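J.:
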Amino acid sequence: VHEPHFQDSFSSLSVDADNLQKQIDELSSFSDTPAPSVTRVLYSEKDVLARRYIKNLMAISGLSVREDDVGNIFGRWDGYEPELPPVSTGSHIDAIPYSGKYDGVVGVLGAIEAINVLKRSGFKPKRSLEVIMFTSEEPTRFGISCLGSRLLAGSEELAELLKRTADGQNTSFSDAARFAGYKNAEDLSSVFLRKGSYSAFIELHIEQGPILEEEATSIGVVTAIAAPASIKMDFEGNGGHAGAVLMPMRNDAGLAAAELALAVEKHVLESGSIDTVGTVGILELHPGAINSIPSKSHLEIDTRDINETRRNIVIEKIHNSALAISKNRKVKLSEFKIVNQDPPALSDDSIIKAAESACQELNLSYKKMISRAYHDSLFMARISPMGMIFIPCYKGYSHKPEEFAATHDIANGVRVLALTLAKLSLT
Ligand code: GLV
Ligand code: MN
Ligand code: MN
Ligand code: MN
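All the letters of the sequence shown, read from the start, carry residue numbers 1082 to 1508 under my numbering.
1. Are the region 1301-1317 and the region 1416-1430 touching by the rule of at least three beta carbon pairs closer than 8 Å?
2. Specify which residues have a beta carbon nearer than 5 Å to any heavy atom of ligand 3, listing them in chain order.
3. Am I right that Arg1121 and Ala1176 are in contact with their C-beta atoms under 8 Å? What's the rounded C-beta distance?
4. Does the beta-carbon of His1456 have 16 or more other beta-carbons within 10 angstroms, so that it is buried, or is it exposed?
5. Helix or strand or just coil, what does DSSP make of Lys1205?
6. Give me the Cα-Cα distance between Ile1275 and Ala1281, rounded to the nearest whole angstrom.
7. Val1096 and Glu1211: beta carbons closer than 8 Å?
8. Do you know offhand how far Ile1394's Cα is from Asp1383's?
9. Does the beta-carbon of Val1082 have 16 or more other beta-carbons within 10 angstroms, so that it is buried, or is it exposed?
10. Just verifying my parser: in three-state terms, what is the DSSP assignment at Ala1310?
11. So what's Gln1104 in DSSP terms, helix, strand or just coil?
12. For ligand 2, I want to know if Glu1237 counts as a neighbour, meaning its beta carbon is within less than 7 Å of at least one of the ligand's heavy atoms.
13. Which same chain residues, not among the five before or five after Ala1131, have their C-beta less than 7 Å away from its C-beta?
14. Quick one: does the C-beta of Glu1219 sit closer than 7 Å to a heavy atom of ligand 2?
15. For Gly1301 and Ala1344, what's the separation of their Cα atoms in angstroms?
16. Should Ala1454 be counted as a contact of ligand 1 given a C-beta to heavy atom distance under 7 Å?
17. Taking DSSP as the reference, what is the three-state secondary structure of Val1412?
18. Is His1286 near ligand 2 - that is, is its Cβ less than 7 Å away from at least one heavy atom of it?
19. Can you tell me where the alpha helix (DSSP H) holding Arg1385 begins and where it ends?
20. Let me check you understand the geometry: is the CB of Ile1177 closer than 7 Å to at least one non-hydrogen atom of ligand 2?
Below, the structure is given as structure tokens:
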């Protein structure tokens, strides 16, 4: 009964794929490292330029643009029943060091193009449609992932933490935000949204895994997002001269870190499940001189699982290993901080169904799958029914310059997104 009415038919959902590809290429030029790599860090000059680029595209598409105090950007197309909670879609455009140009970007530029598609088709939304560009999905600068969406979902803990958070250069969060034009970032409780603010949230993203490409399937409909956690820790020893201090006299903080990194791998493998993963992505030694015994080491550990209990057991074991290593090597475990320990999120059945029927109507093959990467959707699920649409990417590569998605796959994702948005807007 409530089927979207387009002037012609679904075949009129025509994506301007060349233009979209051009925008993806243009956006990738706002980078602090040379192409094909992309590095775009929160509130940097390049991030500010990229934000301007997005706001401009939203305006060209006739969306009314709004920003909150942390820099989440919202572009709204009013429906004919604008008092109803809107349907929202979006992703992020920040990029970790030396990554690629599709992660997040496809879900922001693709969302704006999905709106263009619907407008060109003559569709009139009942619920308003809103495109969201989230601030800092990546944890690069302040060590906290999904900053914008965590705040939208009402994390008071994070709003408090950000009052005393600084980056590696000792720039406070609010100073960094001010540099980018966000002057009221001292108290971010203004960003919180009430549960029910949106009737649905759906994010388009590259799979970041190999399955869709391997199976030649056009679309992934995400049913759940794995549970991520991250830890920051420091060992401290006495350091000293690399020639003069004899081996029995040492308490080497670098070797403690090396041992801990291997312990992380061991504990992850002990889970016995292929779904448990752990990564030591940051390992820094102080003072970092060839002829000086490391007096301090700093590690940052990322661990995830689709099973939260199993993931928590890994965290517990990592902590116990850190304590044991510190005792055996006579180094101090001066910090062991669990930065985040998030539960997994389930997609909402109604959104899964809407995305599935969109695929069927567009004659696109699809499969249901889980997301092993985290996304802003993980947090939007706390305040709204949530769903995600995946498209294939080359060999599943992501978080490296070789990341690639073909223009026609992106265009398919945009068509599915557009039709899903249309359906959800009429409910
Ligand atoms: C987000 O980029 C993630 O690490 O899953
Ligand atoms: Mn990413
Ligand atoms: Mn992403
Ligand atoms: Mn991600």
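A virtual CB, placed ideally from N, CA and C, is assigned to each residue, including glycine. Source: prediction; values computed, not measured.
T.: If we stick to the structure as given:
1. At 8 Å Cβ cutoff, the stretches touch.
2. Asp1184, Gly1185
3. Right, their Cβ atoms sit about 4 Å apart.
4. buried
5. coil
6. A small correction: the amino acid at residue 1275 is Arg; Ile does not occupy that position in the sequence shown. Taking the straight line from one Cα to the other gives about 13 Å.
7. no
8. 14 Å
9. In this prediction, Val1082 scores a pLDDT of 47, lower than 50, which makes its location untrustworthy; the coordinate-derived value is nonetheless stated afterwards. Answer is exposed; the Cβ neighbour count stays below 16.
10. strand
11. helix
12. In this structure, Glu1237 has its CB at a distance of at least 7 Å from all heavy atoms of ligand 2.
13. Leu1108, Phe1111, Arg1121, Ile1174
14. yes
15. 34 Å
16. Yes.
17. Note: Val1412 maps to coil in three-state DSSP.
18. no
19. No alpha helix (DSSP H) holds Arg1385; the beta strand (DSSP E) holding it covers 1377-1386.
20. yes
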